[in-house]
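Colleague:
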Amino acid sequence: SARSSPARASKVAAAATVKGKGRAKARLSLEQEVDRVLKLRKTKLTDPFPTVAELVAHLVQFTSAQPNAKRCLEGCRIVFVNTEHWSSAPSTSAKLTRNPMDEGLRLCLTVAIRHGATLIPPEEFVAPDPSVSPDQLDPDQAEAEGWTTHIVPYVLSQQRLPTYDQILACLGPDEGGISREQLGPFVKVVKYKWVASCVEKRAKVPETMYLLGGDFRQHAPPLTEQQKRAVKERAQRMEVQAKQAEQARVAKTKLRARAGKDALEAEDSGSDHGSNGGGEDEVEVVSPLGSQDWPEGEKPPAGYFAHQTASPLGAAPDKHDTTRPGEQVGGGGSGGGVAVEAGEDEPEGQAVAAGARFKSIPGLEQEVQFLNTYGQEVMDDVLEETPRTAALFELDGMCILDDDYDGDRDTGEGTDESFDDEEPAKKKAKRSVWACDDPEGSVASRNGPNENIAMVLEMMADLASSTTEKQQFRQRSYKKIAGMVRKMREIPKEVRHKDLCAVHGIGKKTASKIIEIARTGTHRRLQCLTETERIARELSGVYGIGKAIAEKAAKAGAKSVADLKRDPHKYGLSAATIKGLEHYDDLCERIPRAEVTELYESIKGLSDKIDPKVQIECMGSYRRGAKSSGDIDLLVTRDTTSSTGKTHAGHIAKLWRAMERAGIAVSTLSEPDQWHGLAAKVNGLCRLPDRADAKVRRIDILGVPWEEMPAALIYFTGDDHFNRSIRLKARKHGYRLNQRGLYENVSRDRKGEKLTEGTLVLGIRTERDIFKKLCVPWREPTLR
DNA sequence: CAGTAG
DNA sequence: AGGCCTTACTG
DNA sequence: GCCT
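So this is what it looks like as structure tokens:
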């Protein structure tokens, strides 16, 4: 088998020594990795993917857009055949041991697919039938067009090289496999080493060296003149087909643009019941609120869903109610509401949650009435003239690309050869799936023009306080959008619904809510908070109290933070939470940048007295240049590549004690398992000493091994959304990014659950290296 | 393991 | 319909 | 709640 080449091995060793401590494990060769992995519990690894076909289907979704791998196997069609578990006796029935799934095979598949190969599961491989396929390709052309199929037996132990017949026996859907004669001239059997060397050389290498002996292509008859002609005709046919498809697509796009949504929908749905005249029937009004916004078992106040005073009674006949009960339709005016939720038609007075009051918001009535009468689309069209909306989401054209950033090498759907008449905003939104790829320069500012909208959205996010998973993601979604809104240009009152929807991440519902907030300054939902909601919201502001504990405490009778303070033990709060409670008032406050600087510098002073060579950095929003921070993150490390190789081990313990002595550290909320570990992490409270009015602040101090600095810098700089985004991108490309480093060759099960750690990507020295590896355009911390 | 936090 | 970031500490 |  392909042992790692001596050259590579020495390179790895060199890299390790340069790092000084040899702490970074030398990268295992593929085979070593396979061996290691095989020792893991087999069932866990192989159960999820009993067949190769299933694994291939799974892998494809993770590799649809390999960032910067040289796609050296692009166009190759590869059939992996697992012969590893065959018994040495050739008489063994292939049926029992056809292509068993195992982790080694999984790795091989992953490598191939990540480099652009198209994998064909053995059982789906169909041998070209010479008798019915006269339009076989000319071998040279086939090579150029990537029509060759490579059959790669996956064999770890080279002693048992399979025979051709064994390989062929487990190809194809039938028990009998396929015969040599069935193989056309475009099928080659090569050793895995060919794949490996393509990957290593980052280019497609000739197969000659790696062909398994007795290349059976010799069995295939040469192409006749007739066949060659057929090949040409086939190519022409395909060209024509492609052109026709393109024309059809263009025509459809134009149709969509001209006739609008209605025409298209009618076309798509085929038989449309009742083509009732004008297009306004199909206009959908999206409810700006949903019943999901209400806690389980409680009902909104009367007039919440349906604004009573705004009811345009008799605006239109209820023609839809019979055909589509419960659907939210514009122009219907049923119940006179914005959009009446199914099952919530008649919010009754006595069902209203205690304490909830619906207050009328100035301007809302008019909005609702307009919306009700004309529908969202018409409203948008009316607003189209407004010049301010056009320039709103103009985020294009300010890309700061890295020099080496070679753009999306995605599946090719990103090619902009077609200019449809869609909204430019839509196109833009489609292109960047990962928020971390958006190098927009605008920084989130708490004094920005959209701060109010963002705050209202965040408050609505907090309302999704239920502990169910669904609610958690709703909450995250709201929060995400709040962050995006904060970064956007000013959202005018005249903003169009579809412009908001065009932003990746904002959907119909939130768009409607944003509009309501933009136009009225607030949202109905917040005008009628439930008592429990108000309490839960207040309680979860305490450090250590989340929604679960807040709800529990509320049930136990707590009405306010003050109640908790009075008798903390009654509610079974943890020690850290009690400390957080003591300083609740202070911890609510944001920390001005100047104070962060002051604290940071005094702590740095203490640190320097202990070991001046230990570096200590202030991370989090401070590093992003924020004018105020919620807490203070300090990162401690020491360059181990210096001559002594001394680390910062134990430094944090000494520093924290010094801070306590100096009166800076007030309290410890959680402490590391190993104070002397390199990755020690303290969670505590601090304040400026000798200052009567100094407020108590949250502080985290954490140690980072020198070689983990690049990843740690990214992680602790954030922000949250950026981190999630870049990690998600890493994961989808087969990497794994955490605060310790960037790992490659991670294998996951079909749920995306990590099965193996993967291996640390070598040669990463800076943040930029990680960005580059993941093809994320570089952004300075202040722009993240 | 759930809950909380980063 | 299923995914949505990853790790660490606490009780 | 949004996206694929």
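The first sequence begins at 3 in my numbering and counts up one residue at a time. C-beta atoms are modelled at their ideal positions from N, C-alpha and C, and glycine is treated no differently. Since this is a predicted model, take the numbers as computed values, not measurements.
My output table needs one value for GLN874: the three-state DSSP class, helix, strand or coil.
Modeller: No information on residue 874 is available, as it lies outside the stretch 3 to 786 that the chain covers here.
Colleague: State yes or no: is the C-beta of LEU657 within less than 9 angstroms of the C-beta of SER623?
Modeller: At the C-beta level, LEU657 and SER623 stay beyond 9 angstroms of one another.
Colleague: Pull up the distance between the alpha-carbon of ASP641 and that of GLU709, whole angstroms please.
Modeller: Distance between the alpha carbons of ASP641 and GLU709 is about 9 angstroms.
Colleague: I'd like to know if the region 595-602 and the region 690-699 are in contact, where contact means that at least 3 CB-CB pairs between them fall below 8 angstroms.
Modeller: In short, these stretches touch, since the Cβ pair count reaches three.
Colleague: Answer yes or no: do LEU704 and ASP613 have a C-beta to C-beta separation smaller than 9 angstroms?
Modeller: Cβ distance not < 9 angstroms, so LEU704 and ASP613 don't count as in contact.
Colleague: Could you compute how far the alpha carbon of VAL242 sits from the alpha carbon of TYR717?
Modeller: 51 angstroms
Colleague: What would DSSP say about SER787, mapped onto helix, strand or coil?
Modeller: This structure does not reach residue 787, given that the chain is present from 3 up to 786, and the question cannot be answered.
Colleague: Would you say the region 573-582 touches the region 545-559, given that touching needs at least three Cβ pairs under 8 angstroms?
Modeller: yes
Colleague: Using 8 angstroms as the threshold, is the region 454-471 in touch with the region 514-527, meaning 3 or more CB pairs across them?
Modeller: yes
Colleague: In terms of residues, what are the limits of the beta strand (DSSP E) holding LEU637?
Modeller: Segment 634-640, the beta strand (DSSP E) holding LEU637.
Colleague: Have a look at PRO707, ARG733, GLN473 and ARG700 and flag the residue whose alpha-carbon is nearest the alpha-carbon of ALA681.
Modeller: Checking every option, the nearest Cα to that of ALA681 belongs to PRO707.
Colleague: For the alpha helix (DSSP H) containing GLY622, list its first residue and its last residue.
Modeller: 622-625
Colleague: Looking only at its own chain, which residues have a Cβ that is under 7 angstroms from the Cβ of PRO674, when we skip the five neighbours before and after it?
Modeller: ALA682, LYS683 and VAL684
Colleague: Can you tell me whether ARG770 is helix, strand or coil according to DSSP?
Modeller: helix
Colleague: Please report the distance separating the alpha-carbon of GLU492 from that of THR534.
Modeller: 34 angstroms
Colleague: Please return the same chain residues whose Cβ sits closer than 6 angstroms to the Cβ of LEU214, not counting the five positions on each side in sequence.
Modeller: Answer for LEU214: VAL191, listed in chain order.
Colleague: Classify VAL83 as helix, strand or coil using the three-state DSSP reduction.
Modeller: strand
Colleague: Which value, in whole angstroms, describes the spacing of the CA atoms of GLU415 and THR151?
Modeller: Reliability fails at GLU415, whose pLDDT of 28 lies under 50, so the model's placement of it is uncertain and the value that follows must be treated cautiously. Computed Cα separation, rounded: 24 angstroms.
Colleague: Under 9 angstroms between the Cβ atoms of ALA437 and MET486?
Modeller: Yes, Cβ-Cβ distance for ALA437 and MET486 is below 9 angstroms.
Colleague: For the region 694-750, list the beta strand (DSSP E) runs that are entirely contained and at least 3 residues long, ordered along the chain.
Modeller: 699-705 and 744-746
Colleague: Closest to GLY647 by CA distance: which of VAL668, LYS615 and ILE654 is it?
Modeller: LYS615
Colleague: What residue ranges within the region 458-529 form continuous beta strand (DSSP E) runs of no fewer than 3 residues, ordered along the chain?
Modeller: none
Colleague: What first and last residue would you give for the beta strand (DSSP E) that runs through LYS648?
Modeller: Premise fails: LYS648 is in no beta strand (DSSP E) and is neither H nor E.
Colleague: Can you name the start and end residues of the beta strand (DSSP E) that ILE180 belongs to?
Modeller: Element bounds for ILE180: n/a, residue is neither H nor E.
Colleague: So, helix, strand or coil for LYS206, using DSSP?
Modeller: coil
Colleague: Which class does VAL563 belong to by DSSP, given the choice of helix, strand or coil?
Modeller: Helix, per DSSP.
Colleague: Using the C-alpha atoms, what's the distance from ASP587 back to ARG700?
Modeller: Spanning the two alpha carbons is a distance of roughly 12 angstroms.
Colleague: Residues in its own chain within less than 6 angstroms of LEU730 by CB, not counting five upstream and five downstream?
Modeller: none
Colleague: Count the other CB atoms, across all protein chains shown, that sit within 10 Å of the CB of THR112; report buried if there are 16 or more and exposed otherwise.
Modeller: THR112 comes out buried.
Colleague: Pull up the CB-CB distance for MET661 and ALA667, whole angstroms please, since I reckon it's below 8 angstroms.
Modeller: 4 angstroms
Colleague: Which same chain residues end up closer than 7 angstroms to GLY179 when comparing Cβ atoms and leaving out the 5 residues on each side of it in sequence?
Modeller: Excluding the 5 residues flanking it on each side, GLY179 has same chain C-beta neighbours closer than 7 angstroms at ALA96, LEU170, ALA171, CYS172 and LEU173, in chain order.
Colleague: Just to confirm my understanding: we take ILE580, look at its own chain, exclude 5 residues before and 5 after, and list those with CB closer than 7 angstroms. What are they?
Modeller: Answer for ILE580: PRO570, listed in chain order.
Colleague: Within the region 569-633, note down every full alpha helix (DSSP H) run reaching 4 residues or more, in order along the chain.
Modeller: Counting only runs of 4 or more, we get 577-584, 586-590, 595-612 and 622-625.
Colleague: Within 10 angstroms of the Cβ of LYS759, are there 16 or more other Cβ atoms? Answer buried if so, exposed if not.
Modeller: Here residue 759 is Glu; the residue named in the question, Lys, does not match the sequence. Its Cβ having fewer than 16 others within 10 Å, GLU759 is exposed.
Colleague: Using only the alpha-carbon positions, how far apart do ARG488 and ILE605 sit?
Modeller: Rounded to whole angstroms, ARG488 to ILE605 spans 32 angstroms at the Cα level.
Colleague: Taking the alpha carbon of ASP464 as the reference point, which residue from GLN249, SER199 and ARG536 has its own alpha carbon closest?
Modeller: Distance from the Cα of ASP464 is smallest, within the candidate group GLN249, SER199 and ARG536, for ARG536.
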